[in-house]
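Sequential numbering from 384 applies to the sequence shown in our numbering. From the three backbone atoms N, C-alpha and C, an ideal C-beta is built for every residue, glycine too. Here's the structure we're looking at; comments come further down.
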Amino acid sequence: MNQLLVITAMGADRPGIVNELTEALLDASLNVEDSRMSVLGGEFAVMLLVSGNAASIETIKQQKEVLENSLQLNILIKTTQKRSTDSEHMRYNITVEGMDNPGIVHKLARYLSQHNINIVNMQTDCIHAAHTGTPMFTVNMQVDIPSEHNIEQVENDFADLCDSLNMDAEFKAA
384 MNQLLVITAM GADRPGIVNE LTEALLDASL NVEDSRMSVL GGEFAVMLLV
434 SGNAASIETI KQQKEVLENS LQLNILIKTT QKRSTDSEHM RYNITVEGMD
484 NPGIVHKLAR YLSQHNINIV NMQTDCIHAA HTGTPMFTVN MQVDIPSEHN
534 IEQVENDFAD LCDSLNMDAE FKAA
């Protein structure tokens with residue numbers, strides 16, 4: 384039976400990192416099931432969900448230090464399990480856009496946390512508006528909302544929060 388690992392790695396960005404890392408995983412007979420990769424500043428960061436048999440998992444764990452040195456990455460390896468599907472939550476996509484200000488992510492996350500809403504995925508970006516150069520901030524996230532919540536109320540309250548931050552918000556069922 385296959386086991387699962389989450390592997391996170393970070394290091395100075397350069398061409399070939401993904402090739403070299405996935406080659407090491409393939410050589411250990413591991414399969415990449417899911418991944419997120421991004422360059423933030425000058426650093427490359429990757430999160431991978433990989434699967435393999437017990438021997439493959441043990442091989443990559445034992446090779447961690449060698450891989451860190453050869454790939455020039457900081458690597459963290461953690462065993463995990465498949466996430467169970469859950470009918471007690473509803474998945475929603477939320478987009479928030481507006482002028483950038485410190486604290487936006489924290490205020491949105493605080494609201495969601497206070498309402499027991501889990502952030503499953505989040506991506507943020509700051510770009511400068513074409514004509515004015517004003518920094519514009521965008522948040523795209525997927526959340527799991529408990530089924531017992533009144534979605535209309537959650538959406539209205541979240542929109543009120545976004546209004547107070549001079550941000551626009553859009554809720555869509557995933």
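Which of the three DSSP states is assigned to residue i in this structure?
i: residue 501; result: strand
i: residue 489; result: helix
i: residue 418; result: strand
i: residue 442; result: helix
i: residue 517; result: coil
i: residue 547; result: helix
i: residue 536; result: helix
i: residue 409; result: helix
i: residue 434; result: strand
Comparing the CB of residue i with every heavy atom of the ligand ADP, is any distance shorter than 7 Å?
i: residue 514; result: Among the components of this structure there are no ligands whatsoever, and the ligand ADP is therefore not found.
Quick one, which of the options has its alpha-carbon nearest residue i's?
i: residue 496; options: 478, 554, 527; result: 527
i: residue 502; options: 487, 545, 474, 484; result: 474
i: residue 404; options: 549, 538, 449, 479; result: 449
i: residue 440; options: 411, 452, 425; result: 411
So residue i and residue j are in contact, right, with Cβ under 8 Å, and what is the actual spacing, rounded?
i: residue 394; j: residue 455; result: 5 Å
i: residue 389; j: residue 420; result: That pair is no contact at about 14 Å.
i: residue 557; j: residue 525; result: 6 Å
i: residue 521; j: residue 508; result: 5 Å
Roughly how many whole angstroms lie between the Cα atoms of residue i and residue j?
i: residue 540; j: residue 547; result: 11 Å
i: residue 396; j: residue 481; result: 29 Å
i: residue 513; j: residue 542; result: 26 Å
i: residue 466; j: residue 418; result: 15 Å
i: residue 549; j: residue 492; result: 16 Å
Who are the Cβ neighbours of residue i in its own chain at under 7 Å, not counting the five residues just before and after it?
i: residue 506; result: 523
i: residue 499; result: 529
Using a Cβ-Cβ cutoff of less than 8 Å, which residues in the same chain neighbour residue i once the five nearest sequence positions on both sides are dropped?
i: residue 401; result: 420, 429
i: residue 519; result: 480, 481, 482, 483, 509, 510, 511, 512
Between which residues of its own chain and residue i is the CB-CB distance below 6 Å, once the five residues before and five after are set aside?
i: residue 476; result: 525, 555, 557
i: residue 434; result: 385, 387, 414, 416
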